[in-house]
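A.B. asks:
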Amino acid sequence: MGFWRTRPDLDRLNEMQRGNLGEHLDIRFEAVDDDSITASMVVDSRTHQPFGLLHGGASVTLAETLGSCASYYCIDHDHESCVGLEINASHLRAVSRGRVTAVARPLRIGHSIHVWDIQLHDDRGRTTCVARLSVAVIGAKR
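Take the sequence shown: its position 137, counted from the start at 1, is 137 in full-length UniProt numbering, and no numbers get skipped.
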């Protein structure tokens with residue numbers, strides 16, 4: 001099972017997107033492997049900037065959603081919680097339609113911090129964005 005404390009449940013992750021930004025952007029969790037987790041997002045008017053291209057903020061939203069959800073499955077839910085600490089992204093290629101798919105892989109899963117490498121690709125498999133997300137592991141609220 002690698003770094004997962006509990007294996008991510010795709011149905012549960014997709015259900016968690018309902019009624020929030022994930023649903024609005026049509027974020028779908030698609031796959032879990034021993035070393036990665038994958039989700040995708042629609043590229044249409046909901047995710048476009050004014051010039052008809054994928055908005056960088058939408059790419060970052062997909063990256064942070066994916067990495068944060070991945071961290072959730074790496075912690076002890078009885079004693080820990082996790083919160084986004086920092087994200088950076090480089091937008092490498094424009095996308096105007098279709099879906100972008102993101103794959104998150106851990107760079108470090110520590111006791112107090114998780115760092116994720118997240119790469120987004122277009123429908124043709126070309127890298128569109130690379131992001132790095134740092135997640136803080138904190139005590140669970142009682």
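Quick reminder that beta carbons are idealized off the backbone N, C-alpha and C, glycines included.
1) Please determine, among A104, A89 and H79, the residue with the shortest C-alpha to C-alpha distance to I138.
2) Write down every uninterrupted run of the alpha helix (DSSP H) in the region 1-27 whose length is 4 residues or greater and which is fully enclosed by it, in chain order.
3) Here's the rule: buried if 16 or more other CB atoms are within 10 angstroms of the residue's CB, otherwise exposed. What is L120?
4) Taking three-plus beta-carbon pairs below 8 Å as touching, is the region 56-67 in contact with the region 111-130?
5) Could you give the distance in angstroms between the alpha-carbon of P50 and the alpha-carbon of D76?
6) Using a 10 Å radius around the Cβ and a threshold of 16 neighbouring Cβ atoms, would you call S40 buried or exposed?
7) Which value, in whole angstroms, describes the spacing of the CA atoms of R124 and R97?
8) Please confirm if E64 has its CB atom under 8 Å from at least one CB of chain D.
9) In whole angstroms, give me the CA-to-CA distance for S81 and G67.
10) Less than 7 Å between C-beta atoms, sequence neighbours within five positions excluded: which residues of the same chain meet that for W4?
11) For G56 versus A102, is the C-beta distance shorter than 8 Å?
12) Taking the continuous beta strand (DSSP E) assigned at A136, which residues delimit it?
13) Looking at the unbroken alpha helix (DSSP H) that takes in G57, where does it start and where does it end?
14) Give me the residue from L133, R12, L21 and L107 with the minimum Cα distance to E30.
C.D. replies: To lay it out plainly:
1) H79
2) 10-16 and 21-24
3) buried
4) yes
5) 42 Å
6) buried
7) 12 Å
8) Although the question refers to chain D, the structure presented lacks it and comprises just one protein chain.
9) 14 Å
10) Y73 and C74
11) no
12) T127 to G139
13) G56 to Y72
14) R12
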